[in-house]
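Protein chains: 2
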Amino acid sequence: MPPTPPPEPALADARAPRLTHERIVAGALALIDEEGLAALTMRRLAERLGVQAASLYNHTRSKEKLLDAVANSVMEGVDTSGFDRLPWREALDRWAWSYYDALVAHPNLVPHLAVAFGRLPAALERAAQVFAGLRRAGWTPSRATRVAAAVRYAVYGAALGSFAGGFGDEAAKVPALHDVGQLRAQPARVDRAALRLLIDRFLDGLEAIAPAPE
Amino acid sequence: MPPTPPPEPALADARAPRLTHERIVAGALALIDEEGLAALTMRRLAERLGVQAASLYNHTRSKEKLLDAVANSVMEGVDTSGFDRLPWREALDRWAWSYYDALVAHPNLVPHLAVAFGRLPAALERAAQVFAGLRRAGWTPSRATRVAAAVRYAVYGAALGSFAGGFGDEAAKVPALHDVGQLRAQPARVDRAALRLLIDRFLDGLEAIAPAPE
DNA sequence: GTCTATAGCTGGATAGAC
DNA sequence: GTCTATCCAGCTATAGAC
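Heads up: the protein sequence lines correspond to chains P and F, in order. Start counting the first sequence at -13; every next residue gets the next number (my numbering). Start counting the second sequence at -13; every next residue gets the next number (my numbering).
Here's what the structure looks like:
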């Protein structure tokens, strides 16, 4: 006889778990995106998932651990594969923009991502890959550390200090800022253009001190 | 008869105001520096100042306004005077380091500084001065905006994503990161060196596209 | 695994006496 | 201008029934 398949209830099984770790993490991230880091409370998260707050504690030990899991899940979206197959300049460029895309999709989480960096497995794995890639390209250990940190600073700064954060009424008193074309109309475009300038000119400057190719 | 001087009590006058707006702002900043942004509560701030929490409301309208006043006071320490007297490259460099020093002295406040940027008078004034200085040096409006934003990103990123924030135990699993000389021993030095690399190489790269000097 | 109920805090802000 | 007293809201986390 073939093995019996698991029972497939015609209607939703009331005893089936309504919560999983993945659903909780995804719900928390959505809540943070929509209403900010302070809006993430166990009660509000439970409400969004259609359960009571106490039920969350069957899947996550504490709010603090949950928040780190959310941060780690965002970090997993950062792509460092370029360091396995591309010259260092292209690899850095791809990594930077992948990193920026991941952060800017969740701007409210950026401050926590920066603080939690040192205890997120996904972040540390990626940092090690970047460092190893730069070493293979001939950069000295201390240069490799600085180059990777510099790119990381550019990305975090752009994601955090974004013009997309908006201006208050006081900004109207500073006319110079407002006559600058697209700043008001399309702040996200200005942010990307500024980061492109920072990264491209930085990489230009790096070429002048790069290790000789093998 | 000479005008009577104001009465000078031999002992501290119990009726003299013990709180001023300045003392409150300074106390709040010290509390944030010592114990983090979350530690700033009206009760704890009052305790540090030797009064009851309710008394603070005679000098500040709300905690939110107070926090912006604290942020503005930090921004007032940023020096943009170089744009009045130095070539654009030196002016940018001085501004960047003055900005970094102001932020890194209060790392716990950096996320709030970034978010509040657009409504802080001191921040907007300085942004306008930087923009005007770059315009006078011949940069087009959109280039000037991007250059100023790029430097700002570098500074915020370095202050926020600092190695000085430390690593968790998980970092021990990534040996590559630890063999990098001074990273563990003197993280603040590594941070400064990485920011120096980012700014210097970026400015190098900018020279290649700079407007011709008059 | 989810529920109800609640313990045990901590917070911002206000009213009114002095 | 500072005080005491207090309101009311919100939070994390746990205990124990089902």
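Even for Gly, the Cβ is constructed at its ideal location relative to N, Cα and C.
Based on Cα-Cα distance, which residue from the options lies nearest to residue i?
{"i": "ALA134 (chain P)", "options": "P:ALA114, P:GLU8, P:GLU156, P:ALA150", "result": "P:ALA114"}
{"i": "LEU203 (chain F)", "options": "F:ARG138, F:GLY36, F:LEU17, F:ARG34", "result": "A query on residue 203 (chain F) cannot be resolved here, the shown segment of chain F reaching from -13 to 200 and no further."}
{"i": "HIS92 (chain P)", "options": "P:ALA144, P:ALA196, P:ALA39, P:LEU31", "result": "P:ALA144"}
{"i": "PRO161 (chain F)", "options": "P:ALA196, P:ALA158, P:ARG132, P:ARG112", "result": "P:ARG112"}
{"i": "ARG9 (chain F)", "options": "F:GLU20, F:ALA82, F:HIS45", "result": "F:HIS45"}
{"i": "TRP81 (chain P)", "options": "P:GLU193, P:TYR142, P:ALA179", "result": "P:TYR142"}
{"i": "LEU53 (chain F)", "options": "F:ALA24, F:ALA198, F:LEU78, F:ALA77", "result": "F:ALA24"}
{"i": "ARG132 (chain F)", "options": "F:LEU192, F:GLY13, F:LEU183, F:ALA16", "result": "F:LEU192"}
{"i": "LEU169 (chain P)", "options": "P:ALA150, P:GLU156, P:ASP79", "result": "P:ALA150"}
{"i": "VAL60 (chain F)", "options": "F:ARG71, F:PHE103, F:LEU181, F:ALA158", "result": "F:PHE103"}
{"i": "HIS7 (chain F)", "options": "F:GLU21, F:GLU20, F:PRO199, F:ALA32", "result": "F:ALA32"}
{"i": "ALA171 (chain F)", "options": "F:GLY152, F:GLU76, F:ALA180", "result": "F:GLY152"}
{"i": "ARG121 (chain P)", "options": "P:ALA180, P:GLU20, P:PRO199, P:LEU42", "result": "P:PRO199"}
{"i": "LEU225 (chain F)", "options": "F:LEU5, F:THR66, F:LEU99", "result": "A question about residue 225 (chain F) goes unanswered here, because the residues of chain F that appear run from -13 up to 200."}
{"i": "ASN58 (chain F)", "options": "F:SER67, F:LEU99, F:ALA180, F:ALA179", "result": "F:LEU99"}
Along the chain, where does the alpha helix (DSSP H) containing residue i start, and where does it finish?
{"i": "VAL96 (chain F)", "result": "96 to 102"}
{"i": "GLU33 (chain F)", "result": "28 to 35"}
{"i": "GLY154 (chain F)", "result": "GLY154 (chain F) -> no alpha helix (DSSP H), and no H or E assigned at all."}
{"i": "HIS7 (chain F)", "result": "7 to 21"}
{"i": "ARG4 (chain F)", "result": "From DSSP, ARG4 (chain F) is part of no alpha helix (DSSP H); its letter is neither H nor E."}
{"i": "PRO173 (chain F)", "result": "173 to 193"}
{"i": "GLY147 (chain F)", "result": "From DSSP, GLY147 (chain F) is part of no alpha helix (DSSP H); its letter is neither H nor E."}
{"i": "ARG122 (chain P)", "result": "107 to 122"}
{"i": "TRP74 (chain F)", "result": "74 to 90"}
What do you get for residue i, buried or exposed, if any count of 16 or more other CB atoms within 10 angstroms of its CB means buried?
{"i": "LEU(-3) (chain P)", "result": "Below a pLDDT of 50, predicted positions are generally treated as unreliable, and LEU(-3) (chain P), at 46, falls in that range; the measurement from the model is reported next regardless. Label assigned to LEU(-3) (chain P): exposed."}
{"i": "LEU18 (chain P)", "result": "One point to set straight first is that residue 18 (chain P) is Ile, not Leu, in the sequence displayed. Under this definition ILE18 (chain P) is a buried residue."}
{"i": "LEU95 (chain F)", "result": "buried"}
{"i": "GLY36 (chain F)", "result": "exposed"}
{"i": "TYR86 (chain F)", "result": "buried"}
{"i": "GLY147 (chain F)", "result": "buried"}
{"i": "ASP177 (chain F)", "result": "buried"}
{"i": "THR201 (chain P)", "result": "The shown model of chain P, from -13 to 200, leaves out residue 201 (chain P), and the question about it has no answer."}
{"i": "THR126 (chain F)", "result": "exposed"}
{"i": "GLY13 (chain P)", "result": "buried"}
{"i": "PRO97 (chain F)", "result": "buried"}
{"i": "PRO197 (chain F)", "result": "exposed"}
{"i": "GLY119 (chain P)", "result": "buried"}
{"i": "ALA174 (chain F)", "result": "exposed"}
{"i": "GLY22 (chain F)", "result": "exposed"}
Compare the beta carbon distance of residue i and residue j with 7 Å and say whether it is the shorter of the two.
{"i": "SER84 (chain P)", "j": "VAL116 (chain P)", "result": "no"}
{"i": "PHE188 (chain F)", "j": "ARG129 (chain P)", "result": "no"}
{"i": "VAL101 (chain F)", "j": "VAL56 (chain F)", "result": "no"}
{"i": "ALA108 (chain P)", "j": "GLU62 (chain P)", "result": "yes"}
{"i": "ARG105 (chain P)", "j": "GLY154 (chain F)", "result": "yes"}
{"i": "ILE185 (chain F)", "j": "ALA140 (chain F)", "result": "yes"}
{"i": "ALA136 (chain P)", "j": "TRP74 (chain P)", "result": "no"}
{"i": "ALA39 (chain P)", "j": "ARG29 (chain P)", "result": "yes"}
{"i": "LEU110 (chain P)", "j": "ALA157 (chain F)", "result": "yes"}
Measuring from the CB of residue i, is there a heavy atom of the ligand SAH at a distance below 6 Å?
{"i": "LEU72 (chain F)", "result": "Judged by which ligands are present, the structure shown has none, so any question about the ligand SAH falls away."}
**Request:** Scan the region 35 to 71 of chain P and note each continuous alpha helix (DSSP H) run of 4 residues or more that stays entirely inside, going in chain order.
**Result:** Within the region 35 to 71 of chain P, the complete alpha helix (DSSP H) runs of at least 4 residues fall at 39 to 42, 49 to 61.
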